[in-house]
Amino acid sequence: MESMEQQIREVLEQIPFSDNGGNILTSEVVHSLELSGETANVVLVIGDDYQGIKEETVAKVEQGLKSIDGISEVNAKVVSSKADAEPQQQQAGPNPESPEQANYLQEYENVILVASGKGGVGKSTVAINLALALKASGKKVSIMDADVYGPSVPIMLGRRNEPLQMEGQQVKPLNQYGIDFISVGNMVKEDQALIWRGPMTHQVIQQMLRDTAWPGGDYMIVDLPPGTGDVQLSMAQMTEATGAVIVCTPQDVALLDARKAIAMFGKVNIPVLGMIENMSAFVCPKCGEETPIFAKGGAERESASQDVAYIGGVPIEMDIRLGSDNGDPIVNANPNSASAKVFMEMAAKLDQIVSEAK
Ligand code: ADP
Numbered sequence: 001m002e003s004m005e006q007q008i009r010e011v012l013e014q015i016p017f018s019d020n021g022g023n024i025l026t027s028e029v030v031h032s033l034e035l036s037g038e039t040a041n042v043v044l045v046i047g048d049d050y051q052g053i054k055e056e057t058v059a060k061v062e063q064g065l066k067s068i069d070g071i072s073e074v075n076a077k078v079v080s081s082k083a084d085a086e087p088q089q090q091q092a093g094p095n096p097e098s099p100e101q102a103n104y105l106q107e108y109e110n111v112i113l114v115a116s117g118k119g120g121v122g123k124s125t126v127a128i129n130l131a132l133a134l135k136a137s138g139k140k141v142s143i144m145d146a147d148v149y150g151p152s153v154p155i156m157l158g159r160r161n162e163p164l165q166m167e168g169q170q171v172k173p174l175n176q177y178g179i180d181f182i183s184v185g186n187m188v189k190e191d192q193a194l195i196w197r198g199p200m201t202h203q204v205i206q207q208m209l210r211d212t213a214w215p216g217g218d219y220m221i222v223d224l225p226p227g228t229g230d231v232q233l234s235m236a237q238m239t240e241a242t243g244a245v246i247v248c249t250p251q252d253v254a255l256l257d258a259r260k261a262i263a264m265f266g267k268v269n270i271p272v273l274g275m276i277e278n279m280s281a282f283v284c285p286k287c288g289e290e291t292p293i294f295a296k297g298g299a300e301r302e303s304a305s306q307d308v309a310y311i312g313g314v315p316i317e318m319d320i321r322l323g324s325d326n327g328d329p330i331v332n333a334n335p336n337s338a339s340a341k342v343f344m345e346m347a348a349k350l351d352q353i354v355s356e357a358k
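Residue numbering for the sequence shown follows our numbering, starting at 1 and increasing by one per position.
Spelled out as C-alpha cells, the structure:
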C-alpha cells in the first residue's frame, strides 16, 4: 500500500497551477502540510497574480485531501507570499543574518555532512557505506539521518518502522552493524509522514542534535537532504561541522547542482572536504567491461576546477543497490567486493583529509 505521504503527493500533483502545465507542488503553492490525527493543516502561497484561481485551487485541495483514507478534515490557510507563511521563522527558525549559534555534537571528533545538489544521486547510499567503511577501519561512528524529506537510513540499515526508546530524558539511538543512528523515519510512522517545512525542520533537527543520547566517537556522519535548504542552515547554526562531502553523478546537470551546494557551504563557512562521484561507470557483472553510462570523470574535473579534493568514484552496481534496498549495505554484506574496497579507500582518504585539515 502506498504511504500517506505518497497519496498526498499524488493528489496534490493532480491540481494544476501556472500557465506552463505546472501543478501546485511544482509551483511551490503548498508551503506546508501537517497531519494532526485526521486533520490536514495546509498553508498555501497564492500570489496576487493568481487571485482569480484562488478559491478554485483551495476547493480542489480540500476535496483532494479529503478523498484520502485517514483525512476527514482540511484546514487550508492561504497567504500571498512565502514570507507571510513563515512568521515564526523570524524568531525560531534558521536566519543566516543573525544565526542562533549552538554547538551540539561536540562529543564527536569529526562531524561530516554528506550533501548533494539534487536528489537520487546516491547520497544516502554513499553516506552509509562510508560510515561502515570508517567503522571497519576501527573508528567509532554514528549516523544522523537529517534527510527529513526522504529518510532512507532506517531502510538501508534494515531497521525500518522501528520506534525509538527513551534513555532518561533523551532518545536512545538505534544501533546496527556497530553504528549508532537516528532518523526521522523512526520518529514518525511512515504512513503519517509529514511534509516538513522551515521552522518544523529546524525543530526536528534541534531535537535530533540536543535530545539524543549520542555516545560520541571519531565520526558523526550526517545524511543531509538534497539541495541547499533549511536543514543545511540549521546544521550550520547548531554544529561546528568539520566539513561537507558532496556526492554527485558525473552528468553536467548534477554537477551544476553540486556547484550550488559547494557555494552554499562557502557562505555558511563550512569547508568542503571533497567530492565523491557516484554511479561513475557501470561494470558489467558478466564480462567485467566498464561502461561510463553517465560520462565518468565529471566530478574529478569539477573538483579540480573548484579546488576541492576528489575523494573517489563509486561504480553503478546491482549489489550496491540491493544492499541499500535490502538493509544490508555492500560494505557490510560483502566487504571483499571491489565496491566495498572503493568505499574503504574513500574512508581512508577522507580520514587523511580530515587529519591534515586540523
Ligand atoms: P539519494 O540519497 O541521493 O536520494 P539514494 O542513496 O537513496 O540516493 O539512492 C537512490 C537509489 O539509487 C537507491 O535505490 C540506491 O540503492 C541506488 N543507488 C545508489 N548508488 C548506487 C550505485 N552506485 N549503484 C547502484 N545503485 C545505486
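A virtual CB, placed ideally from N, CA and C, is assigned to each residue, including glycine.
Start and end residues, beta strand (DSSP E) containing residue i
| i | result |
| --- | --- |
| N175 | 174-176 |
| K359 | Missing from the structure shown is residue 359; the chain here goes from 1 to 358 and no further. |
| I182 | 179-183 |
| T39 | 39-45 |
| Q232 | That residue, Q232, is in no beta strand (DSSP E); its alpha helix (DSSP H) goes 230-238. |
| V245 | 243-248 |
| F282 | 272-283 |
| D218 | 217-223 |
| M166 | 165-167 |
| V111 | 108-115 |
| L443 | Residue 443 cannot be examined here, being either before or after the span of the chain that is shown, 1 to 358. |
Other residues of its chain near residue i: CB distance less than 8 Å, five sequence neighbours each side excluded
| i | result |
| --- | --- |
| N334 | D319, G323, A340 |
| S98 | For S98, the pLDDT reaches just 43, beneath the cut-off of 50, and the residue's location in the model is therefore unreliable, leaving the point undetermined. |
| G266 | V272 |
| K363 | Outside the displayed span of the chain (1 to 358) sits residue 363, for which this structure offers no information. |
| L38 | Note on identity: in this sequence residue 38 is Glu, with Leu being the wrong assignment. Excluding sequence neighbours, E38 sits near G70, I71, S72, E73. |
Nearest candidate by alpha-carbon position, reference residue i, set the options
| i | options | result |
| --- | --- | --- |
| K139 | K260, E356, D351, K82 | D351 |
| E28 | S67, S80, V74 | S80 |
| S36 | I71, E277, S67, G64 | I71 |
| A357 | V253, T242, E290, A304 | T242 |
| K286 | E317, A136, A295, S280 | E317 |
| K189 | Q207, E167, M166, E162 | E162 |
| E73 | S305, D84, A59, D252 | A59 |
| D307 | A338, A295, R259, E289 | R259 |
| V331 | M156, Q63, A85 | M156 |
| E10 | G52, S67, A76 | S67 |
| T125 | V354, G288, A40, V222 | V222 |
| A40 | N75, Y50, E289 | N75 |
| G178 | Q51, M187, A136 | A136 |
| I353 | V245, L65, Q207 | V245 |
| L65 | G168, I15, G52 | I15 |
| A85 | H31, Q51, S3 | H31 |
| D230 | L256, I293, V268, D252 | V268 |
Sequence-distant residues of its chain with Cβ nearer than 6 Å to residue i (five each side left out)
| i | result |
| --- | --- |
| E300 | Y310 |
| L209 | Y104, M238 |
| D180 | S142, P173, P215 |
| G185 | P151, P154 |
| E109 | D218 |
| M344 | A133 |
| P226 | S116, K118, G119 |
| S303 | M275, Y310 |
| E13 | N23, L25 |
| M220 | L105, Y108, V111, S142 |
| E102 | The amino acid at residue 102 is misidentified as Glu; the sequence shows Ala. Only M238 meet the Cβ criterion. |
| K349 | I311 |
| D257 | G117, K118 |
Whole-Å CB distance - residue i paired with residue j, under 8 Å assumed
| i | j | result |
| --- | --- | --- |
| F282 | P315 | 7 Å |
| V153 | I128 | 7 Å |
| G297 | M346 | The pair is not a contact, with the Cβ atoms about 16 Å apart (cut-off 8 Å). |
| L33 | V42 | 5 Å |
| L113 | I270 | 7 Å |
| L224 | A146 | 5 Å |
N-terminal and C-terminal residue of the alpha helix (DSSP H) that residue i is part of
| i | result |
| --- | --- |
| I353 | 338-357 |
| E5 | 4-13 |
| V126 | 123-136 |
| I143 | Not the alpha helix (DSSP H): I143 falls in the beta strand (DSSP E), residues 141-145. |
| S305 | 298-306 |
| D325 | 318-325 |
| F265 | 252-267 |
| I330 | 330-333 |
| A59 | 54-66 |
| D84 | 82-85 |
| V156 | Contrary to the premise, residue 156 reads as Met rather than Val in this sequence. 153-156 is the span of the alpha helix (DSSP H), which, as asked, contains M156. |
Same chain, Cβ closer than 7 Å to residue i, five either side skipped, listed in chain order
| i | result |
| --- | --- |
| G158 | Q176, G327, D328 |
| G17 | In the sequence as displayed, the identity of residue 17 is Phe instead of Gly. N23, I24, S27, V29, T57, listed in sequence order. |
| T212 | Q170, V171, P173, I182 |
| M264 | T228, Q232 |
| V121 | V247, C248, T249, A254, N278 |
| D48 | S80 |
| Q7 | I68 |
| K82 | H31, V45 |
Cβ of residue i within 8 Å of any chain D Cβ
| i | result |
| --- | --- |
| L164 | Although the question refers to chain D, the structure presented lacks it and comprises just one protein chain. |
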